[in-house]
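Just so we're aligned: the sequence shown equals residues 49 to 181 in my numbering.
Note that beta-carbon positions come from the ideal geometry of N, C-alpha and C, so glycine has one too.
To start, the structure under review is shown below, and the notes come after it.
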Amino acid sequence: MHLKKYKNYYNDNSSHYDIVLSDIQMPNLNGVELTSKLYNINPSQLLIILSAHDDSKYLMPLINLGIEQFIKKPIDYQELLRALLNSSKKIISNSTQQVRTTSNKLYFSESIFFDKANSSLFNNSQMIYLTKI
49 MHLKKYKNYY NDNSSHYDIV LSDIQMPNLN GVELTSKLYN INPSQLLIIL SAHDDSKYLM
109 PLINLGIEQF IKKPIDYQEL LRALLNSSKK IISNSTQQVR TTSNKLYFSE SIFFDKANSS
169 LFNNSQMIYL TKI
């Protein structure tokens with residue numbers, strides 16, 4: 049993600065992205081630099097960083113900056129889904145909205161819910177699949 053795009057989104061919507069998902073290696077700046085710049089703009093931004101590297105050169109600065117989650121490549125999509133779900137719970141608990149729960153389902157809105165029984169995310173009763181792009 050480009051920093052300019054992040055700023056433009058705020059200017060257009062008067063709010064920041066809920067969650068930023070970024071790789072650590074990018075053409076213009078790395079994930080540590082991006083994280084630092086995003087936290088200067090929005091200290092409460094939730095960030096999930098993906099990387100093929102688990103080198104402490106990257107990990108320690110990211111941990112010290114306070115990222116939400118670090119996920120090592122190749123991506124375990126269940127781990128990514130859990131990280132997104134946990135981040136979503138934080139967003140909802142910090143907002144004025146309440147999460148409606150049933151015994152097996154966690155609702156984020158009327159149409160979006162997480163089925164705890166089979167660890168799946170749904171929108172309008174259709175499963176949302178996480179795939180590589």
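Nearest to GLN93 by alpha-carbon distance, out of LYS105, MET74, MET108 and SER63, is SER63.
Ranking GLU158, ALA165 and ILE67 by CA distance to the CA of ILE96 puts ILE67 first. Taking C-alpha positions only, ILE123 is separated from ASN90 by approximately 27 Å. With respect to PHE118, LEU129 sits apart: the two C-beta atoms are not nearer than 8 Å. Around the beta-carbon of SER136, 16 or more other beta-carbon atoms lie within 10 Å, marking it buried.
Per DSSP, ILE119 is one residue of the beta strand (DSSP E) stretching across 117 to 120.
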